[in-house]
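Asker: In the numbering used here, the protein residues as written are 459 to 948.
All C-beta atoms in this analysis are idealised placements derived from N, C-alpha and C, irrespective of residue type, glycine included.
Bear in mind the structure is a predicted one, so any value in this text is a computation, not a measurement.
Input: one structure, supplied below.
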Amino acid sequence: MLGVPSDPPVPSAPVTPAVLDTLREIVGEKGLILDEQDKQPFVTDWRGSLVGRAAAVVRPANTQQVSKVVKLCHDNSVAIVPQGGNTGLMGGATPWPAHRGIVLSLGRMNHVLDVDPAGYSMTVEAGCILQTIQETAAGHDRFFPLSLGAQGSCMIGGNLSTNAGGVQVLRYGNARNLVLGLEVVLANGDVWDGLRSLKKDNTGYDLKHLFMGAEGTLGIITKAVLKLWPAPKDVCTAWLAIRDPQAAINILSEAYAASDDNVGSCELMSRACTDLVLRHVPGTQDPLKADTEWYLLLEWSSSRPRQDGAAGMSDKMEQFLADQMEAGRVLDAAIAQTQTQARNMWRIRESVAEASRAEGPGLSYDVSVAVSRIPEFIGRGSKAVLEILPTIRPYPLGHIGDGNLHFSFMGPIGMDRQTLTQYSTAITRAVNDLVTSMRGSISAEHGIGADKIDELAHYRSKTELDIMRTIKRALDPNNIMNPGKVLRLS
Ligand SMILES: Cc1cc2nc3c(=O)[nH]c(=O)nc-3n(C[C@H](O)[C@H](O)[C@H](O)COP(=O)(O)OP(=O)(O)OC[C@H]3O[C@@H](n4cnc5c(N)ncnc54)[C@H](O)[C@@H]3O)c2cc1C
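Here it is, written out as structure tokens:
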């Protein structure tokens with residue numbers, strides 16, 4: 459991560475021997491990590507570019523323990539960095555180097571508490587791994603749609619706290635749309651029990667939405683009631699070589715009707731991204747080599763099993779692709795004939811972050827603009843960045859149906875991290891100025907964390923920042939919940 463703001467003044471009292479003894483009483487030896495070596499995975503971010511400190515990593519086993527730990531910290535002004543799978547890309551889960559408080563890891567709270575197939579809901583603890591939730595839903599012939607590259611290690615509490623997006627937002631919405639109820643430990647240790655399975659509940663402010671997307675700055679999510687959907691029964695995955703980003707917008711726009719409203723995912727990939735993955739991720743295979751810079755991963759899925767004699771998803775997709783080829787938008791296409799082929803296509807898309815980490819230093823901007831303005835943004839944004847550093851290597855990709863681009867660049871070949879950092883301020887300003895001038899967002903799905911705290915302050919209005927600060931001060935007056943993340947208080 460480049461361009462991270464310098465260590466802010468984070469007001470936290472130290473963890474005294476007396477506080478440590480009480481922590482040990484609450485969570486037991488099993489729930490406390492004090493050894494410096496053992497703490498490393500919890501104080502280092504996923505990219506390995508941020509390393510912080512913590513007096514202890516505390517791993518409670520249930521809500522009561524979380525509540526007692528938070529109350530103890532509140533009473534002693536000890537700061538808390540909540541942590542799930544530590545896959546966040548904005549440094550939100552990584553303590554600052556000056557952090558003298560604790561990391562509170564939810565990893566031991568990993569139980570699925572209830573599945574209600576008839577009511578299409580599931581109740582889980584915050585430390586459940588996303589993939590476990592998907593698999594549990596599938597085991598009940600149901601579908602939990604949140605899906606992203608880190609699903610094997612990110613946890614639902616982290617997903618909700620970042621309001622994660624992923625590859626199914628187009629159809630199901632982002633994480634906050636997948637939730638019916640929450641249980642949250644507040645900054646004073648009180649437990650808010652909002653664990654209701656209600657689709658309709660207009661009883662005042664909808665409190666759960668305060669905590670989703672708050673990145674651990676307002677409280678600790680301990681449990682959630684999640685919405686489920688019917689399991690997909692007829693799925694067709696295709697990899698398309700397309701003319702350009704404008705073709706992608708037009709293809710998607712026509713795909714809704716052609717698929718009978720069954721578009722599940724539509725991911726824009728550049729040739730450079732695909733090659734990056736093929737270079738670094740063993741076992742991946744190029745689904746299609748064509749003379750174009752742009753590709754689309756398009757998936758249609760229906761919960762209706764394919765009927766004998768009736769047109770299924772793949773028949774409809776074939777007809778659609780033939781029409782799109784005739785229109786000159788699709789240049790070539792491969793429809794997955796087996797699950798292995800479909801899996802390979804998805805693996806390429808999902809491995810871009812891993813491949814970029816292996817490639818070396820880079821800059822990545824998770825931005826959104828109105829869907830129809832994506833091509834304009836790619837054109838103007840690339841030009842602006844290349845004017846600042848002509849040898850930087852663009853690797854754009856995105857959840858194009860959500861207007862969300864991962865506008866990514868690898869440093870010029872041979873340029874080290876430190877040198878690239880010298881350009882990052884100017885590039886960041888150019889990208890975010892453009893996004894803002896197009897009424898877009900400087901963070902579409904990854905959040906603010908530590909990385910974009912100055913950018914949020916720069917681009918959001920005083921009115922918006924004041925509302926956010928008012929909420930933060932009301933819910934966390936001692937500023938112990940993930941201080942120095944998301945929002946500066948002054
Ligand atoms: C390979 C890869 C692919 C990714 N793809 C996507 C993608 O497509 N879409 C997307 O949106 N993100 C993506 N991400 C980012 C990341 O996986 C998500 O942000 C994820 O939701 C974070 O979950 P986590 O459990 O790892 O949270 P963490 O990284 O542990 O924490 C994230 C933030 O939430 C807070 N937090 C964690 N748990 C709690 C809790 N229980 N209560 C309160 N606060 C808490 C932390 O303090 C931190 O601020 C990707 C990351 C990787 C590495």
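(1) Quick check on DSSP: helix, strand or coil for Arg851?
(2) Can you tell me whether Gly461 is helix, strand or coil according to DSSP?
(3) CB Met771 to CB Cys694, shorter than 7 Å?
(4) Measuring straight from C-alpha to C-alpha, what distance separates Met459 and Arg762?
(5) Give me, in chain order, the residues of the same chain whose beta-carbon lies closer than 7 Å to that of Leu686; leave out the 5 immediate sequence neighbours on both sides.
(6) Could you give the residue range of the beta strand (DSSP E) that holds Glu949?
(7) Write down every uninterrupted run of the beta strand (DSSP E) in the region 742-791 whose length is 3 residues or greater and which is fully enclosed by it, in chain order.
(8) So the beta strand (DSSP E) His864 belongs to, where does it begin and stop?
(9) Please determine if the region 698-718 and the region 773-793 are in contact, where contact requires at least 3 C-beta pairs separated by less than 8 Å.
(10) Compute the minimum distance between the beta carbon of Ser822 and the heavy atoms of ligand 1, and state whether it is under 6 Å.
(11) If you draw a straight line from the alpha carbon of Val650 to that of Leu564, how long is it in whole angstroms?
(12) Round the Cβ separation of Val515 and Phe500 to the nearest angstrom and send it over; I've been treating them as touching at under 8 Å.
(13) Look at the Cβ atom of His904, then the Cβ atom of Leu547, and state whether they are nearer than 7 Å.
(14) What are the boundary residues of the beta strand (DSSP E) that includes Glu725?
(15) Apply the 10 Å Cβ neighbour rule to Ile925 and answer buried if 16 or more other Cβ atoms are within range, or exposed otherwise.
(16) My output table needs one value for Pro819: the three-state DSSP class, helix, strand or coil.
(17) Pick helix, strand or coil for Ile538, following the three-state DSSP scheme.
(18) Take the Cβ of Arg517 as the centre, count every other Cβ of all protein chains shown within 10 Å, and call the residue buried at 16 or more, exposed below.
(19) Relative to the C-alpha of Asn940, which residue among Val683, Ile560, Val485 and Pro854 is closest?
(20) To the nearest angstrom, report how far apart Ile707 and Arg807 are at their CA atoms.
(21) If Val527 sits next to Lys681, beta carbons under 8 Å apart, how far is it from one beta carbon to the other, in whole angstroms?
(22) List, from N- to C-terminal side, the alpha helix (DSSP H) runs of 4 residues or more that fit wholly inside the region 646-681.
(23) Thinking just about the alpha-carbon of each residue, which of Asp749, Arg566 and Arg815 is nearest to the one in Ala791?
(24) So Ser882 is in the alpha helix (DSSP H); what residue range does that whole segment cover?
(25) Distance check for Glu483 and Val721, CA to CA, integer angstroms please.
(26) May I ask which residues mark the beginning and end of the alpha helix (DSSP H) holding Leu923?
(27) Between the alpha carbons of His557 and Thr521, how many angstroms are there, rounded?
(28) What are the boundary residues of the alpha helix (DSSP H) that includes Thr502?
(29) Is Arg801 helix, strand or coil when you go by DSSP?
(30) Quick one: any contact between the region 852-861 and the region 872-887, if contact means 3 or more CB pairs under 8 Å?
(31) Examine ligand 1 and report whether any of its heavy atoms sits within less than 6 Å of the Cβ of Gln626.
(32) With DSSP as the reference, please indicate the residues paired to Ile793 in a beta bridge.
(33) How big is the Cα-Cα spacing for Val810 and Phe867?
(34) Give the secondary structure of Ala514 by DSSP, where H, G and I count as helix, E and B as strand, and everything else as coil.
(35) Sort Phe669, Ser948, Asp496 and Lys841 by Cα distance to Ser619 and report the nearest one.
Answerer: Short version:
(1) Here the question's residue 851 lines up with position 393 in the sequence shown. Here Arg851 sits in strand by DSSP.
(2) To locate residue 461, count along the sequence shown from 1; it is residue 3. Here the model assigns Gly461 a pLDDT of 44, short of 50, so the residue's position is not dependable and the matter cannot be decided.
(3) Taking the first residue of the sequence shown as 1, we reach residue 771 at position 313. Taking the first residue of the sequence shown as 1, we reach residue 694 at position 236. In contact: Met771 and Cys694 (Cβ atoms closer than 7 Å).
(4) On the sequence shown, position 1 is the one that residue 459 refers to. On the sequence shown, position 304 is the one that residue 762 refers to. With a pLDDT of 38 at Met459, under the threshold of 50, the modelled position of that residue is not reliable, and the figure given next carries that caveat. Just so you know, the alpha carbons of Met459 and Arg762 end up roughly 44 Å apart.
(5) The residue given as residue 686 occupies position 228 in the sequence shown. Tyr578, Ser579, Met580, Ala595, Arg600, Phe601 and Phe602, listed in sequence order.
(6) Because the chain here runs from 459 to 948, residue 949 falls outside it and cannot be looked at.
(7) Counting only runs of 3 or more, we get 752-760.
(8) Taking the sequence shown and counting its residues from 1, the one referred to as residue 864 is at position 406. Bounds of the beta strand (DSSP E) holding His864 are Asn862 to Met868.
(9) Under the Cβ criterion (8 Å, minimum of three pairs), the region 698-718 counts as touching the region 773-793.
(10) Stepping through the sequence shown from its first residue, residue 822 is reached at position 364. In this structure, the C-beta of Ser822 stays at least 6 Å away from each heavy atom of ligand 1.
(11) Translated into the one-based positions of the sequence shown, residue 650 becomes position 192. Translated into the one-based positions of the sequence shown, residue 564 becomes position 106. Checking the displayed sequence, the identity of residue 650 turns out to be Trp instead of Val. Between the alpha carbons of Trp650 and Leu564 lies a distance of about 17 Å.
(12) Taking the first residue of the sequence shown as 1, we reach residue 515 at position 57. Taking the first residue of the sequence shown as 1, we reach residue 500 at position 42. So it is a contact: roughly 5 Å between Cβ atoms.
(13) Walking along the sequence shown from the start, residue 904 turns up at place 446. Walking along the sequence shown from the start, residue 547 turns up at place 89. It is a contact, given that the beta carbons lie within the stated cut-off.
(14) To locate residue 725, count along the sequence shown from 1; it is residue 267. Counting along the chain, the beta strand (DSSP E) containing Glu725 begins and ends at Val721 to Ser728.
(15) Taking the sequence shown and counting its residues from 1, the one referred to as residue 925 is at position 467. Burial check for Ile925: the Cβ neighbour count within 10 Å stays below 16, so the residue is exposed.
(16) Position 361 of the sequence shown holds residue 819. Pro819 sits in coil when the DSSP states are folded into three classes, being neither helix nor strand.
(17) Within the sequence shown, residue 538 is the residue found at index 80, counting from 1. Assignment of Ile538 by DSSP, reduced to helix, strand and coil, places it in the strand class.
(18) The residue given as residue 517 occupies position 59 in the sequence shown. Under this definition Arg517 is a buried residue.
(19) Along the sequence shown, one-based indexing puts residue 940 at 482. The alpha carbon of Asn940 has as its nearest neighbour, out of Val683, Ile560, Val485 and Pro854, the alpha carbon of Ile560.
(20) For the purposes of this step, residue 707 is identified with residue 249 of the sequence shown, where counting begins at 1. For the purposes of this step, residue 807 is identified with residue 349 of the sequence shown, where counting begins at 1. Annotation: Ile707 to Arg807 spans about 18 Å, alpha carbon to alpha carbon.
(21) For the purposes of this step, residue 527 is identified with residue 69 of the sequence shown, where counting begins at 1. For the purposes of this step, residue 681 is identified with residue 223 of the sequence shown, where counting begins at 1. Not really, about 16 Å apart at Cβ, beyond 8 Å.
(22) At a cut-off of 4 residues, the continuous stretches assigned as alpha helix (DSSP H) that sit fully inside the region 646-681 are 666-669.
(23) For this step, residue 791 is matched to residue 333 along the sequence shown. Measuring C-alpha to C-alpha distances from Ala791 to each of Asp749, Arg566 and Arg815 identifies Asp749 as the nearest.
(24) In the sequence shown, residue 882 corresponds to position 424, counting from 1. Membership of Ser882 in the alpha helix (DSSP H) is indicated by the continuous run Arg875 to Ser895.
(25) As a first step, residue 721 must be located in the sequence shown, where it is residue number 263. As a first step, residue 483 must be located in the sequence shown, where it is residue number 25. C-alpha separation (whole angstroms): 52 Å.
(26) Along the sequence shown, read from residue 1 onward, the residue named residue 923 stands at position 465. In this chain, the alpha helix (DSSP H) harbouring Leu923 covers Lys920 to Leu933.
(27) Taking the first residue of the sequence shown as position 1, residue 557 is located at position 99. Taking the first residue of the sequence shown as position 1, residue 521 is located at position 63. Straight-line Cα distance between these residues: approximately 24 Å.
(28) For the purposes of this step, residue 502 is taken as residue 44 along the sequence shown, with counting starting at 1. Careful: Thr502 lies outside any alpha helix (DSSP H) and carries neither H nor E.
(29) Position 343 of the sequence shown, counting from 1, holds the residue named residue 801. If DSSP states are grouped into helix, strand and coil, Arg801 belongs with the helices.
(30) The way I'd put it, the region 852-861 doesn't touch the region 872-887; fewer than three beta-carbon pairs between them come closer than 8 Å.
(31) Along the sequence shown, one-based indexing puts residue 626 at 168. For ligand 1, not one heavy atom lies less than 6 Å from the Cβ of Gln626.
(32) Looking up residue 793 in the sequence shown gives position 335. Its beta-bridge partners are Ala696.
(33) Taking the sequence shown and counting its residues from 1, one reaches residue 810 at position 352. Taking the sequence shown and counting its residues from 1, one reaches residue 867 at position 409. Cα-Cα distance, rounded: 12 Å.
(34) Counting from 1 along the sequence shown, the entry for residue 514 is found at position 56. Under the three-state reduction of DSSP output, Ala514 falls in the strand class.
(35) Taking the first residue of the sequence shown as 1, we reach residue 619 at position 161. Comparing Cα-Cα distances from Ser619 to each of Phe669, Ser948, Asp496 and Lys841, the minimum goes to Phe669.
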